[in-house]
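Engineer: Quick mapping for you: the protein sequence lines, in order, are chains A and B. Position 94 (the first sequence) corresponds to 94 in the working numbering; numbering is contiguous. Position 18 (the second sequence) corresponds to 1018 in the working numbering; numbering is contiguous. Positions of the beta carbon are idealized from the N, C-alpha and C atoms, including for glycine. Pasting a structure here, questions to come.
Protein chains: 2
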Amino acid sequence: MMHDMAVDAREPTATEPLGGWLTPGQLDSWLSLVRVLIWLPWSIDQQLQRDSKLRMVEYQVLAMLSEHENWTTHMSALAEVTNASLSRLSHVVERLEKRGLVRREPDPTDGRFTNAILTDLGYATLAEAAPGHVTHLRSIVIDALSPEQLRRLGSASQRIMSRIDASRAG
Amino acid sequence: MMHDMAVDAREPTATEPLGGWLTPGQLDSWLSLVRVLIWLPWSIDQQLQRDSKLRMVEYQVLAMLSEHENWTTHMSALAEVTNASLSRLSHVVERLEKRGLVRREPDPTDGRFTNAILTDLGYATLAEAAPGHVTHLRSIVIDALSPEQLRRLGSASQRIMSRIDASRAG
DNA sequence: CCTTCAAGCTTGAAACGTCAAGTCATGCTG
DNA sequence: CAGCATGACTTGACGTTTCAAGCTTGAAGG
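Here it is, written out as C-alpha cells:
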C-alpha cells in the first residue's frame, strides 16, 4: 500500500493496483521496509514495557544521559537525538522526574539551558533494563542477518539518513 | 544510545560506554538503523501532512482500501496491516468518516464484521496525495541507494520481519 | 543600563492513542 | 433451541503528544 493504487480507474469495481511509479522490485523493497518501520519499533517497545516498564523514548533518554559526563545533558540535546519535540521531551522528562529517574536544574553556566540529570535510581533502572533490551535486539535484528548483511543495512541506513538530514536543512 | 551504556560504573564521573554486548560494528549498524526508524516515518509524515493534510495511517487506510475489490475491507484487515489496534483504527476511521473520505457498514454476509468503504471523495484525495508521496519517497529512499542496495535493504527487512512475526506468533 | 531580541524551555488546551469494558452477531454444546 | 462462548468491533475514560502561547535568561545595540 501507500504507493501503487490506481489513479486512473473511476469505477470502484475496476480498481487495480497499477504500480506505475515504482518498478515492482522497488515497490517490493519499499513495502518490506515499511513493515519494518512499523513493526520493529513496536516490537522493541513491547519488550521494554513488558520487562522494564519503560517506553522507547524513556529508555533513550536514560541511555543517552548515562553516556554523558556527570550523567547530564541539555534538554535540547536530548530532544534532537530522540526526535521528540522540546515540548514532548519536557513532558517525558517531567514524568521521569516524578518517578525519580531523572532530575532537572538550570545549567549553572547559562540559565537558559535546562540540564536533565540521571539519578542513581535512573541509572539502576537503566542497568536493569539494558540486558533484556540487547538480548531482544539480538534475536530480532542482529542474529537475523549475516555480519555482511548487517553492515550493508547500516550503510544503507546512513545513506537514507543523509538524504533526510539534507531535506531538513534545506 | 540504548545499548552501550556502562553498566559497571558506579561513579557519575567515570561513566564510559562499554559496548560490551555488541561489537562496535554491530552497534554502529544498529545505531544507523535506529535513526532511520525514528526519522524516516517522521519525514514521510511531514510531507503527507504538509501537502495533503493526511497522516501516514490515514494514507495507509485509504491506499489499502483503494486496492481492494469494491474499495471495501474489513476493519480488522486494515488494523493488521497498519499495526493500529482495532480501537485506534476505529477512531481513525471515525475521523475519516467525518471528513467524508470513508464510510462504514456492517458486512452483509456476516454482521460481526464492519466494512470500511472508500468514498469517491476519499479516492480523489488519495489520488491527489499519491504523486507527491511517491516523489518524496523516491528522493529520500529509492534514489539514495543503488538498485542492488535497495534490493538488499528489502531482503534484510524481510529477514527481520520474519523474526518479528515468529516472536508474535510464539 | 535599558530596550529589544532570540534561544531554550514550560505550560495548558486540544487532538490523538491506549486500555478496559461493553455490545452485538454468530457458533457451538448439550 | 436455550445458553454460553467467541470474535469483531465500539465506546468512554484516561494518558500522551502536539500545537500555540508564554516565561525567563542572556546577548546586542544604543
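Where do the ends of the beta strand (DSSP E) carrying A/V117 lie?
Structural biologist: The sequence shown places Ile at residue 117 of chain A, not Val. Taken as a continuous stretch (DSSP letters only), the beta strand (DSSP E) holding A/I117 covers T114 to L118.
Engineer: Could you check if A/L126 is buried or exposed, using at least 16 other CB atoms within 10 Å of its CB as the buried criterion?
Structural biologist: Its Cβ being crowded by 16 or more others within 10 Å, A/L126 is buried.
Engineer: Name the chain B residues whose beta carbon is nearer than 7 angstroms to that of A/A28?
Structural biologist: Inspection of the sequence shows that residue 28 of chain A is occupied by Asp rather than by Ala. Within chain B, the residues near A/D28 are G1154.
Engineer: Output, in chain order, the set of chain B residues within a Cβ distance shorter than 8 angstroms of A/M161.
Structural biologist: Correct list: S1032, R1035, V1036 and W1039.
Engineer: Which residue marks the beginning of the beta strand (DSSP E) containing B/T1073, and which one marks its end?
Structural biologist: T1072 to H1074 is the extent of the beta strand (DSSP E) around B/T1073.
Engineer: Using the Cα positions of B/L1065 and A/L33, report the straight-line distance between them to the nearest angstrom.
Structural biologist: Near 20 angstroms, if we compare the C-alpha coordinates of A/L33 and B/L1065.
Engineer: Run the CB neighbour count on B/E1058, radius 10 Å, all protein chains shown included, and call it buried at 16 or more, exposed below.
Structural biologist: Buried, by the Cβ-count rule.
Engineer: Check the Cβ-Cβ distances between B/S1167 and every residue of chain A, and say whether any is below 8 angstroms.
Structural biologist: By this cut-off, B/S1167 is an interface position.
Engineer: Going by CA-CA distance only, name the one from A/A144, A/H74, A/P131 and A/H136 that's closest to A/I44.
Structural biologist: The candidate whose alpha carbon is nearest that of A/I44 is A/H136.
Engineer: Pick from B/Q1158, B/S1139 and B/H1133: whose alpha carbon is nearest that of A/V141?
Structural biologist: Of the candidates B/Q1158, B/S1139 and B/H1133, the one whose C-alpha sits nearest the C-alpha of A/V141 is B/Q1158.
Engineer: With 8 angstroms set as the bound, which would you pick, yes or no: does the beta-carbon of B/A1116 sit closer than that to a beta-carbon of chain A?
Structural biologist: No, no contact with chain A.
Engineer: Measuring straight from C-alpha to C-alpha, what distance separates B/Y1201 and A/G122?
Structural biologist: Residue 1201 of chain B lies beyond the range of chain B shown here (1001 to 1170); nothing can be said about it.
Engineer: Give the single residue among B/A1129, B/G1154 and B/E1148 whose Cα lies nearest to the Cα of B/Q1047.
Structural biologist: If we check each option's Cα against that of B/Q1047, B/A1129 comes out closest.
Engineer: For B/W1042 and A/N115, what's the separation of their Cα atoms in angstroms?
Structural biologist: Going from the Cα of B/W1042 to the Cα of A/N115 covers about 26 angstroms.
Engineer: Please state if the CB of B/L1062 and the CB of B/L1118 are separated by a distance shorter than 8 angstroms.
Structural biologist: Taking 8 angstroms as the Cβ cut-off, B/L1118 and B/L1062 qualify as a contacting pair.
Engineer: Could you give the first and the last residue of the continuous beta strand (DSSP E) run that contains A/E105?
Structural biologist: Segment V102 to P106, the beta strand (DSSP E) holding A/E105.
Engineer: On the criterion of 16 or more Cβ atoms from any shown chain inside 10 Å, does A/R50 qualify as buried, or is it exposed?
Structural biologist: Answer is exposed; the Cβ neighbour count stays below 16.
Engineer: If I'm right that A/Q149 touches B/L1150 with Cβ under 8 angstroms, what's the distance once you round it to whole angstroms?
Structural biologist: At roughly 14 angstroms, the Cβ-Cβ gap does not stay under 8 angstroms, so A/Q149 and B/L1150 are not in contact.
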